[in-house]
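Novice: No gaps in the numbering here: position 90 of the sequence shown is 90 in UniProt numbering, and each next residue is one more.
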Amino acid sequence: MSDQSTEFTRLPETDEEREDPERATHEEVLDFWTERFGVPPETFEGYTFWERGAGKLWLYQGTPPSPVDIEGLGMTFLRTRQEHWKPTLEAVQRFGEHASQNVIHLDEDAARAFVAGEDQELDWDGDWGYLVVTHDLAGEAEPVGVGLYVYGELRSQVPKGRRREV
Numbered sequence: 001m002s003d004q005s006t007e008f009t010r011l012p013e014t015d016e017e018r019e020d021p022e023r024a025t026h027e028e029v030l031d032f033w034t035e036r037f038g039v040p041p042e043t044f045e046g047y048t049f050w051e052r053g054a055g056k057l058w059l060y061q062g063t064p065p066s067p068v069d070i071e072g073l074g075m076t077f078l079r080t081r082q083e084h085w086k087p088t089l090e091a092v093q094r095f096g097e098h099a100s101q102n103v104i105h106l107d108e109d110a111a112r113a114f115v116a117g118e119d120q121e122l123d124w125d126g127d128w129g130y131l132v133v134t135h136d137l138a139g140e141a142e143p144v145g146v147g148l149y150v151y152g153e154l155r156s157q158v159p160k161g162r163r164r165e166v
């Protein structure tokens, strides 16, 4: 099976341990979640970060040997090696409850449009870029996905296969 497309390698902890200058480090991933979304680094204690291919990061609870030659490891978590890092839907749904910044809360109509994959013009006085999108479910704000806010528009990043008319 062993080829680069199926091999997961653990991220280096720090810049000093990094061999590939384009590769993210564990430290940079924690910094991204803290700086962009206000998620405390301790939220990810016990988790390891793995890369498969160029810039597709996975999150795993535990520490298997590295490299690992398998099809999937934990959950997809973050896209790096591009200008703006992008969290995955799964990561936001799992860890978005810990976010304290760059969170946009949608009412029922806007949330329905969002999960259906529709882009919407919305007022937002925060930073442009990727946002944690929340909506009230069972009386509490719950993360429903990732949105990209640019030029007065919230663009749904819900993958086509996961979109729903609700």
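A virtual CB, placed ideally from N, CA and C, is assigned to each residue, including glycine.
Mapping the DSSP letters down to three states, classify aspartate 136 as helix, strand or coil.
Specialist: One-based indexing of the sequence shown puts residue 136 at position 136. Strand, per DSSP.
Novice: Under 8 Å Cβ to Cβ from aspartate 20, same chain only, skipping five residues before and after it: list those, please.
Specialist: Indexing the sequence shown from 1 puts residue 20 at position 20. So no residue of the chain qualifies.
Novice: Express the C-alpha separation of leucine 148 and glycine 129 in angstroms, rounding to a whole number.
Specialist: Position 129 of the sequence shown, counted from the first residue, corresponds to residue 129. Position 148 of the sequence shown, counted from the first residue, corresponds to residue 148. Going from the Cα of glycine 129 to the Cα of leucine 148 covers about 5 Å.
Novice: For glutamine 120, which three-state DSSP category applies?
Specialist: Sequence index remark: in the sequence shown, residue 120 carries index 120 (1-based). Strand.
Novice: Suppose the cutoff is 6 Å on Cβ atoms and the five residues either side in sequence are ignored; what does the same chain contact list for arginine 163 look like?
Specialist: The residue labelled residue 163 in the question sits at position 163 within the sequence shown. Correct list, in chain order: Ala116, Gly117.
Novice: Considering just the uninterrupted stretch of the beta strand (DSSP E) at valine 103, what are its terminal residues?
Specialist: Counting from one through the sequence shown, the residue named residue 103 turns up at place 103. Start and end: 103 to 106.
Novice: From threonine 43 to leucine 78, what distance separates their C-alpha atoms?
Specialist: As a first step, residue 43 must be located in the sequence shown, where it is residue number 43. As a first step, residue 78 must be located in the sequence shown, where it is residue number 78. Answer to the nearest angstrom: the Cα atoms are 15 Å apart.
Novice: Buried or exposed: which applies to glycine 53, given that a residue is buried once 16 or more other Cβ atoms fall within 10 Å of its Cβ?
Specialist: As a first step, residue 53 must be located in the sequence shown, where it is residue number 53. Looking at its Cβ environment, which holds fewer than 16 other Cβ atoms inside 10 Å, glycine 53 is exposed.
Novice: Have a look at leucine 131 and valine 103 and give me their C-alpha separation to the nearest angstrom.
Specialist: As a first step, residue 131 is located in the sequence shown; it is residue number 131 there, counting from the start. As a first step, residue 103 is located in the sequence shown; it is residue number 103 there, counting from the start. Between leucine 131 and valine 103, the C-alpha separation is close to 6 Å.
Novice: Of the choices Val144, Val150, Asp136, whose alpha-carbon is the least far from that of tryptophan 124?
Specialist: On the sequence shown, residue 124 is found 124 positions in, with the first residue counted as 1. Checked all of Val144, Val150, Asp136; the closest Cα to tryptophan 124 is Val150.
Novice: Ordered along the chain, which non-local residues of its own chain (more than five positions away) have a Cβ less than 6 Å from that of methionine 75?
Specialist: Position 75 of the sequence shown holds residue 75. Once the five neighbours on either side are set aside, the close Cβ partners of methionine 75 are Leu59, Glu90.
Novice: Have a look at arginine 36 and proline 87 and give me their C-alpha separation to the nearest angstrom.
Specialist: Sequence index remark: in the sequence shown, residue 36 carries index 36 (1-based). Sequence index remark: in the sequence shown, residue 87 carries index 87 (1-based). Going from the Cα of arginine 36 to the Cα of proline 87 covers about 11 Å.
Novice: From the DSSP secondary-structure annotation, give me the bridge partner or partners of glutamine 61.
Specialist: As a first step, residue 61 is located in the sequence shown; it is residue number 61 there, counting from the start. Beta-bridge pairing links glutamine 61 to Tyr47.
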